[in-house]
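Visitor: This structure is in structure tokens; I'll ask about it shortly.
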Amino acid sequence: MPTTPELIHGYISAGLDCTHLEVEGDGQHFQAVIVSPAFAGKRPIQRHQLVYAALGDRMREEIHALSMKTLTPEEYQG
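Residue 35 in numbering that gives the first Met the number 0 sits at position 36 of the sequence shown; the count goes up by one each step and never skips.
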């Protein structure tokens with residue numbers, strides 16, 4: 000089954016507490032806006048690592064390109 004934005008949305012939301020999550024893509028390249036309180040106090044690389052952890056092995060096997068914008072709820076509102 001091909002990877003869809005809806006599948007990636009489900010994977011991320013199952014593994015990370017998100018207050019807002021948007022995923023778009025064409026089956027090969029995906030873009031996500033991820034808003035989570037878990038990102039508070041973390042550098043961008045640490046935020047991406049949290050998302051990669053939520054995706055697990057899918058990041059290597061199913062998802063070939065994922066561009067992420069990771070924000071705290073405060074950053075997203077401002």
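C-beta atoms are modelled at their ideal positions from N, C-alpha and C, and glycine is treated no differently.
I need the boundaries of the beta strand (DSSP E) containing G24, first residue and last residue.
Guide: G24 -> beta strand (DSSP E) spans 19-24.
Visitor: From the DSSP output, read off the bridge partner residues of I33.
Guide: I33 pairs with L20, T69.
Visitor: Can you give me the C-alpha to C-alpha distance between R59 and M67, rounded to a whole angstrom?
Guide: Computed Cα separation, rounded: 16 angstroms.
Visitor: What does DSSP give as the partner residue(s) for M53 in the beta ladder?
Guide: Reading off the sequence, residue 53 comes out as Ala, not Met. DSSP lists no partner for A53.
Visitor: Less than 7 angstroms between the beta carbons of V34 and Y75, yes or no?
Guide: In this structure, Y75 lies closer than 7 angstroms to V34 by Cβ.
Visitor: Take A37 and list the residues in its own chain whose beta-carbon comes closer than 7 angstroms to its own, dropping the five residues that flank it on each side.
Guide: So the qualifying residues of the chain are L15, D16, L49.
Visitor: Within 10 angstroms of the Cβ of R46, are there 16 or more other Cβ atoms? Answer buried if so, exposed if not.
Guide: Its Cβ being crowded by 16 or more others within 10 Å, R46 is buried.
Visitor: Given a cut-off of 7 angstroms, decide if L20 and H28 are closer than it, judged by their beta-carbon atoms.
Guide: Taking 7 angstroms as the Cβ cut-off, H28 and L20 do not qualify as a contacting pair.
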